[in-house]
Every structure is written in structure tokens, then in C-alpha cells.
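So the structure is just underneath, and the comments pick up after that.
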Amino acid sequence: MIETLFEPFQYEFFRHGLLAAAMTGAICGLIGVYIVLRNMSYIGHGLSHSVFGGAVVSYVMNWNFYVGAGLWGFLSALLINSISKRKKIGADAVIGIVTTASFAVGVVLISRVRKFTRNFEAALFGNILGVTTDDLIVIAGVLLVSGLVIFVLYKQILFTTFDPEVAKVYGVPVEWVDTAFALVLAATVVVSMQVLGVMLMVAAIVIPAATARMLTNSFHRLVFGAIGIGVFCGVGGMYWSFHANASSGATIVLFASAVFMLALGYDSLRRWWVRPPVSEAAGEPQSHEHSHQHGDILHQHEHPSVLDTEHSHHPAADAADRGAPGAPAVVGARRLHVVIDGMTCSYCARAAERAIGRLDGVTAVRVDLASRSADVDLEGPAATPERIRRAIHLAGFRAVESAGDGR
Amino acid sequence: MSLHGKTAWSIVNDDRVAPLPDRSAPPIVRFDGVTSGYDDKIVFEGLDLSIPSGLYTGIVGPSGSGKTTLLKVILGVVGATAGSVAVGGQLVKGRTVRGVGYVPQVETVNWNFPVTVEQVVLMGRHREAGWLPWPSREDRRIALDLLDHLGIRQYADRQIRALSGGEQQRVFLARALISRPRLLILDEPTSGVDLKTQHHILHLLSQLNREGITIILTTHDLNSVARHLPWVICFNRHIVAQGDPQEVFTSAILSRTYNSEMVVVRQDGLLLIADSPDVGPGYAPRAARQEADDRDPV
């Protein structure tokens with residue numbers, strides 16, 4: 000075991016590679032948080048392909064790889080940003096055009112100058128064995144600078160990521176923040192290229208953040224979690240690569256994917272295990288609003304109330320149906336408030352009103368379209384909430400809740 | 000403004016309508032021949048508008064009538080291609096003006112975003128707060144005080160999705176209020192919440208208005224406007240009419256605003272608006288409808 004950990008250390012290439020993988024893991028994890036939250040995974044994917052063109056061009060022109068490829072990536076990011084502002088073309092289409100064209104530039108140059116097929120493969124899949132001390136210094140520099148940029152612009156980037164339009168209203172220089180972010184992203188892509196290669200890079204950016212996102216709802220923990228997972232996967236992937244004698248970029252990505260699957264499994268287990276306590280939903284009528292009043296959002300709610308489901312057989316739901324939990328059937332005059340789902344216009348409201356009004360024991364109905372609900376006055380034993388619910392159902396709507404008699 | 004007083008926010012059953020401001024006071028929003036739109040599409044042209052300081056006003060109109068664009072021009076997020084826009088006496092030109100709070104439509108919020116209520120509210124203090132990633136003790140105190148007054152302090156550490164519609168609306172109201180704005184702009188604050196919550200929100204706003212904040216909101220709910228707001232602007236790419244809803248909401252004006260027939264019923268001082276001419280006797284007694292039609296022309 001100990002040997003597994005320390006044996007590779009006698010080789011300089013491994014020490015360098017491990018350090019490079021850990022540092023790029025940290026950068027990719029950090030940047031990935033924003034990429035994932037902004038739904039920009041595709042831009043990360045595209046940008047890495049785009050940088051490939053820049054890398055080949057700078058090789059042919061004998062420029063410094065980092066300067067050439069970095070500038071190329073940054074300009075592609077800005078180009079994508081500015082073209083996709085024209086709303087007629089979607090951002091994804093623009094990314095597809097710009098980055099693939101840029102990639103094609105690299106392929107054309109390579110096919111004309113046959114001699115660097117070897118570098119071609121390294122650029123595509125990473126060549127961590129060739130990491131030099133200079134490379135390490137550049138990676139450390141990028142790690143430091145991107146960390147610093149995100150530290151200083153933390154609030155601005157968070158606000159811009161969450162709600163760019165409102166951020167603008169509150170004086171956040173949204174365009175500058177986006178530009179700074181594009182610069183950091185381009186730098187990340189360029190330094191990760193050596194380790195992971197163009198084809199595998201996006202996974203290293205997206206997976207740590209996506210994994211951390213499943214484990215926490217807190218933004219701070221998401222940031223630190225993604226960095227930690229990034230480093231962990233980089234290191235784990237390197238060891239795997241050494242012992243399995245396989246390409247390091249691929250093992251890092253596979254290792255990260257395995258971690259992601261573990262987190263996914265844990266998250267599913269947790270959801271299955273932690274069910275909301277039943278009493279919370281059936282207890283006071285107030286808590287129903289919790290899951291009903293926010294339109295589309297309610298369908299994704301994590302704590303469905305018991306009364307949500309038509310087929311609930313929980314005693315608490317039945318008790319609520321009867322109007323008074325535990326008490327004998329009420330026969331005097333009483334009022335029932337029903338929330339009705341599916342009414343979209345005043346005709347609907349009218350139809351629901353008629354359907355309820357026809358029932359025996361219903362003395363008055365008022366359906367209110369705005370609040371999607373009805374107040375029903377009842378008298379005698381014939382009128383039960385269950386029958387009203389069924390009548391609403393037959394009229395084509397859904398009674399999502401019926402709680403207690405009006406006080 | 001006593002945002003941080005002890006008694007504010009609790010009044011929800013107070014039906015007093017805020018008094019109309021002095022129309023001769025300098026306007027807080029002033030449009031002179033403003034044309035605006037997106038790319039190749041003009042939304043409104045040559046618009047003149049003056050909103051006096053202290054007004055509580057609703058903008059109503061059909062979808063696509065340019066209500067939201069109008070708000071965004073005031074906010075400085077969407078530019079004017081012609082004419083001039085002044086907010087608080089300052090010209091808005093491709094930038095936003097201080098002292099304006101904004102509550103966007105709930106549909107535009109990314110509810111899955113991993114931020115807590117407190118973090119969202121603190122975003123509103125962007126101009127006042129320092130650059131450090133974490134909030135100062137002062138920032139936190141102000142945010143928690145405000146949440147307290149809005150009755151949602153207990154949710155400060157919750158992720159924003161784990162709240163009810165009304166609570167969510169108050170979170171974004173808090174974000175808009177934390178910078179102590181003189182002008183508060185809300186895009187459909189009453190959509191997607193139930194009737195009771197709508198009333199809560201509108202009363203909360205009227206309370207704020209009485210504390211001196213000018214309020215402009217858009218809404219589709221004409222009946223709420225009629226009941227709660229002292230001033231209304233009927234808008235459909237131009238101003239069709241503006242004034243006290245009791246006077247402005249007539250079948251003629253609303254039908255012109257919405258390009259479709261609208262029925263306005265007045266009975267015992269109550270104003271009811273229906274969006275289609277034939278909703279049945281339960282909604283509009285024939286006699287009352289007739290009476291309403293007779294009275295229509297203004």
C-alpha cells in the first residue's frame with residue numbers, strides 16, 4: 000500500500016505530473032463552479048477545441064505556446080460573447096461555429112506540416128510526462144492569478160452569475176466581469192491542455208463542480224468542495240495512470256467520473272432516506288401554501304405535502320378530508336376551502352362553480368380564479384369533501400387540497 | 000424613512016390608499032420623446048412620461064405591450080435610441096442610476112442556484128459593501144434587520160427555493176430595499192402567488208410608499224390594481240390613459256389597451272373587471288353590465 004503511494008515518486012516525470020495534475024485540478028474545479036452554474040459547459044468544451052488551433056498556430060509561427068494559445072483562446076471567448084449577444088443566433092450555435100473553425104485551422108496546419116504528428120496527439124489527449132519545471136511555474140502562476148481574480152471579484156462574479164440583469168441595475172460592471180472571467184477561463188484551458196488535452200478537458204472542469212453541487216446547497220462549500228474534488232481526482236488519476244500504465248488525461252477523467260457516480264448514488268440514497276415528516280404537511284393548513292403557491296416551481300419541490308397526491312392513503316389526509324380530524328362527521332353548516340388546479344380562464348371558473356353547485360348539500364359556491372380556489376358552504380351529511388373533490392375532478396380540474404372548515 | 004423602525008411591515012389589513020403626491024413636485028422619472036427596443040424591433044416610439052416623486056403606480060397592458068421594456072429603460076438596462084430619460088433628475092445614458100431598487104419577475108430567477116436568502120439580500124448592498132468576499136458585520140446586521148421586518152428572518156440561511164411564493168417575493172423585495180432606494184420598480188410582483196399573498200404584497204408596498212418611496216409596478220391583475228393602487232397607467236406601446244383606476248378603468252379604455260373587449264362592472268362602489276364579455280350571470284349581472292356600458296364614455 001505504502002509502496003503504491005511512494006514508489007512512483009522516484010521518477011521526476013511523476014513528481015512533475017502529479018503536481019501539474021493537482022494544480023490544474025484545483026483551477027478547473029474553481030472555474031468549473033461558475034461554468035456549471037452559468038450552464039456554460041459547452042463553452043468550456045468549445046473553447047478547449049478553439050485553443051487547439053491557437054496552439055498549432057503558435058507552434059508553426061514559433062511563438063511561445065502559452066502566449067499564442069492563451070491569446071487565441073481569450074479572443075475566441077470574446078468573439079463568442081459578442082456574436083451571441085445578437086439574439087437571432089443562439090450562443091450554442093455561435094460556439095459551435097467559432098470554436099470548430101478555430102479547431103479546423105489547427106487541423107489544416109498540421110496536415111500540411113506532417114512533422115508534428117506527435118505534438119498533435121499530445122495536444123488532443125494530454126502529455127503529462129512531458130511537464131517541465133517551466134510548465135509547473137506557469138500552471139502555478141495561473142492558479143495564483145485566477146484565484147486572486149475570483150477572490151477580488153467574488154461578489155461581482157456571484158451576482159453576475161446569479162442574475163446578470165439585476166447585477167447591472169445595482170452597478171456591477173457586468174461586461175467587465177464577463178471579460179475577466181473569459182480571460183481566466185482561457186488561461187485555465189491553456190494550462191490544462193498539457194495535462195488533459197483538448198478532448199478530455201471539459202470533463203475535468205465540469206465534474207468536480209457538478210459533484211460538489213450534488214453534495215451541498217451552499218455556495219462557499221460548493222467552491223471549496225469543487226477545488227478539493229478537482230485536486231483529489233487529479234492525484235487519484237495520476238496514480239491510476241502510473242500503475243495501469245495508461246494515458247493520464249483519460250485516467251483523471253475516469254477517476255473523476257467514478258467520484259461523480261459515487262456522489263450521485265449518495266445523493267439518491269439520501270433523497271430516498273430523508274422523507275419529509277408526514278405531520279408537517281397535514282398539521283396546519285398554512286403549510287400547504289408552502290408547496291402550492293409558486294406556479295411551476297411547486298412541481299420540483301423537495302418536500303411534497305401528503306395532500307399533493309390524489310392517491311394518498313395516509314390517515315392524516317383522510318382526516319383532513321373529513322373536515323375535522325378525529326371528530327364525528329359534521330352535519331351542520333360549514334365552509335370548505337378548496338384549491339383547484341387547472342383553471343385558466345373565467346369559463347373554467349364558471350364550469351367548476353357549476354360542477355360543485357350541483358351537489359347535494361352545497362348551499363353556496365364562490366370560485367375565485369385569481370387564487371385558484373373555491374369557498375364552498377356545506378350543510379347536512381350528504382356533502383363531504385371527498386364528493387366535492389370528485390366533482391371537481393369530473394369537471395376536468397384537480398382539487399389539490401381541501402382543508403378544514405372555514406373559521 | 001423608517002425601514003428599520005420597530006413597527007413597520009406589520010400592517011397588512013390597513014386599506015387606506017396612499018394619498019396622491021403633489022403633481023407639481025419634480026418628477027422622479029421623466030421621459031422626453033423616448034424611443035426604445037431591441038436590435039431591429041422598436042417597442043415604443045416618442046414616449047413622453049412623467050412620474051412624480053412619491054407616486055404608487057401600476058402599469059397595465061397586454062403581454063408584449065412593452066411594460067417590461069419600459070421598466071428596463073427606467074432602470075438603464077435597456078437603452079433609449081432617441082429622446083432622453085431622467086431618473087431622480089439624473090440623465091440615464093447607458094448606465095444605471097443609484098437609488099433605484101428592482102424586483103424582477105419571479106420567472107427570471109434561477110431558483111436552483113445555491114445561494115441563501117441572506118446572500119441574495121446582500122447582493123443588493125453591492126454599492127455600499129466592501130470588496131471582500133464575505134459580508135461585514137454591519138452588512139449582516141442590516142440584512143438580518145430587514146429580513147426581520149419583512150417577517151422572513153428565520154429563513155436567512157435557507158436556500159431560496161425552500162420558501163413559499165410569498166416569502167420568495169419578500170426576499171427579492173428585501174434585496175431591492177437594502178440599498179434604501181427612493182424609487183422601487185417591480186415587474187409583476189403579484190404573479191404566481193395566491194390572492195392572500197397578493198394582498199400582503201400590495202399592502203406592504205403601500206406601506207413603503209407612505210414612507211416616501213416611489214413605486215412603479217407592472218401587473219396583469221386589473222382587479223388588484225383597482226382595489227389597491229391610487230394611480231394607473233394603461234400602456235400598449237404608448238400611454239392609452241393614466242389616472243385614478245376608478246376613473247381610468249372603463250370598458251372603452253381597457254378594450255383599447257388590450258385590443259379586445261373588456262367588461263367593467265361597477266356596483267356599490269366596487270369595480271370588477273372581466274377579461275371576456277360573456278362570463279355568465281354569476282360574474283356580471285345583466286343590469287349591472289348594462290349600466291356599466293352606459294356610463295362608459297369618459
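Going down the list, the protein sequences come from chains A and B.
For the first sequence, numbering that gives the first Met the number 0 gives the first residue as 0, with consecutive numbering after it.
For the second sequence, numbering that gives the first Met the number 0 gives the first residue as 0, with consecutive numbering after it.
Beta carbons are placed, not taken as given, at the ideal position from N, Cα and C, and that holds for glycine.
Range of the contiguous beta strand (DSSP E) that encloses residue i
i	result
B/L48	40-51
B/L269	269-273
B/Y257	Counting along the chain, B/Y257 falls outside any beta strand (DSSP E), though it belongs to the alpha helix (DSSP H) covering 250-257.
B/V263	262-266
A/V130	That residue, A/V130, is in no beta strand (DSSP E); it is neither H nor E in DSSP.
B/L216	213-217
DSSP three-state assignment for residue i, whether helix, strand or coil
i	result
A/Q193	helix
B/V192	coil
A/A411	The displayed coordinates of chain A run from 0 to 406. Any statement about residue 411 of chain A would go beyond what the structure contains.
A/G239	According to the sequence displayed, residue 239 of chain A carries Trp and not Gly. Note: A/W239 maps to helix in three-state DSSP.
A/L152	coil
B/Q197	helix
A/L335	strand
B/V76	coil
B/D156	coil
B/V231	strand
A/R357	coil
B/Q241	strand
B/A128	coil
A/V144	helix
A/N244	coil
B/S83	strand
Buried or exposed by the 16-neighbour rule on C-beta atoms within 10 Å, applied to residue i
i	result
A/G224	buried
A/F150	exposed
B/I215	buried
A/A328	Model confidence at A/A328 stands at a pLDDT of 48, short of 50, so the residue's coordinates are unreliable and nothing is read from them.
B/E187	buried
B/P40	Looking at the sequence provided, one finds Lys at residue 40 of chain B rather than Pro. It counts as exposed.
B/N208	buried
A/E2	exposed
A/T132	exposed
A/V106	exposed
A/I88	exposed
B/D38	exposed
A/N126	buried
A/W71	buried
A/Y265	exposed
B/W230	buried
Limits of the alpha helix (DSSP H) - the one that residue i falls within
i	result
B/T95	Careful: B/T95 lies outside any alpha helix (DSSP H) and carries neither H nor E.
B/D186	That residue, B/D186, is in no alpha helix (DSSP H); its beta strand (DSSP E) goes 182-186.
A/W271	247-272
B/P26	B/P26 -> not in any alpha helix (DSSP H); beta strand (DSSP E) instead, spanning 26-37.
A/G43	40-59
A/G72	64-82
A/S101	90-111
A/L199	Run containing A/L199: none; DSSP gives neither H nor E here.
A/Y33	11-36
Residue i vs residue j beta-carbon contact at 8 Å
i	j	result
B/L121	B/D138	yes
A/V97	A/L78	yes
A/A398	A/L368	no
A/T203	A/L195	According to the sequence provided, residue 203 of chain A is Ala. The question's Thr does not apply to it. Result yes, Cβ atoms of A/A203 and A/L195 sit closer than 8 Å.
B/V224	B/T218	yes
A/L29	A/V258	no
A/G43	A/V201	yes
A/I391	A/V338	no
A/S40	A/V252	no
B/V170	B/I184	no
B/Y101	B/L74	yes
A/I26	A/T187	yes
A/D177	A/N38	no
Nearest candidate by alpha-carbon position, reference residue i, set the options
i	options	result
B/V86	B/D31, B/W130, B/G63, B/L172	B/D31
A/C232	A/D359, A/A181, A/P207	A/P207
A/A350	A/H336, A/V366, A/T362	A/V366
B/R124	A/M237, A/G129, A/H392, A/V168	A/V168
B/P103	B/L90, B/R181, B/R94, B/V119	B/V119
B/V108	B/V28, B/G164, B/S49, B/G45	B/G164
A/I34	A/I228, A/V176, A/T160	A/T160
The ligand FMN heavy atom lying under 7 Å from the CB of residue i
i	result
B/S64	This structure lacks the ligand FMN; in fact it carries no ligand of any kind.
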